[in-house]
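Taking numbering that gives the first Met the number 0, the leading residue of the sequence shown gets 0, the next gets one more, and so forth. Notes follow once the structure below has been shown.
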Amino acid sequence: MSLKHPQLRNIKEKLLSDNWYILKKYTYELQRRDGNWQQQEREVYDRGNGAVILLYNKIKNSIILIRQFRMPMYINGYQHFLIEAAAGLLDDASPETRIIAEAEEETGFKVDKIEKVFEAFMSPGSVTEKLYFYIAEYNDNNRSNAGGGLAEEGEDIEVLEWPFPKALEAIKTGEIVDGKTIMLIQHLALNSILKY
């Protein structure tokens with residue numbers, strides 16, 4: 000590890016798993032605010048960085064969402080398929096290149112003019128992933144295929160076109176519980192991009 004910080008020392012790492020992504024256990028000493036050093040251990044999951052995009056249509060006042068099964072949520076007691084914005088890991092591509100491809104694979108809409116709105120770490124206590132957040136306008140002429148994802152990657156995605164007020168209400172009722180999707184829907188609302 001080549002990173003240096005004056006309040007960290009004696010960093011040791013141990014590989015726990017590299018089956019799908021990489022899980023490591025880190026042992027290190029952290030200098031506390033009172034000047035004392037404290038040994039700590041953390042397991043860190045490295046799955047690479049990702050990108051997410053929310054497609055919107057100003058004329059229809061609508062957005063494109065997807066619905067798919069997510070095993071980690073099921074294990075945590077969520078008994079529904081997850082409604083979310085199109086997203087994917089970068090796989091060594093630029094965030095812009097990858098999210099344009101993901102949007103078309105998952106939603107069936109080909110977009111080329113995208114707007115980056117921010118970057119965020121979604122679970123920084125245990126996961127290294129940084130997400131790049133985008134929005135893009137779509138219309139029916141942008142549709143290149145039915146969407147649904149890539150079967151060879153195990154994807155079986157339902158494409159949803161929802162009125163924007165329905166999406167906002169779905170956050171309140173708990174029908175939309177995905178953090179990245181909530182953030183992008185709120186971005187559209189806070190910046191008056193769509194009407195609610």
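Ideal Cβ positions, reconstructed from N, Cα and C, are used throughout, including at glycine. Just so you know, these numbers come straight off a predicted model, no measurement behind them.
query, result
"Per DSSP, the bridge partner or partners of A50", "G87, Y131"
"Residues near E12 by beta carbon distance below 6 Å, same chain, minus five either side", "K23, Y25"
"Cβ-Cβ separation, S143 to K115 (assumed contact under 8 Å), whole Å", "About 22 Å separates the two Cβ atoms, so there is no contact after all."
"Whole-angstrom C-beta distance between E83 and D177, which should lie under 8 Å", "4 Å"
"Endpoints, the alpha helix (DSSP H) within which R97 is located", "94 to 106"
"CB-CB length for I63 against V158, believed under 8 Å", "7 Å"
"C-beta atoms of G76 and G49 nearer than 8 Å", "no"
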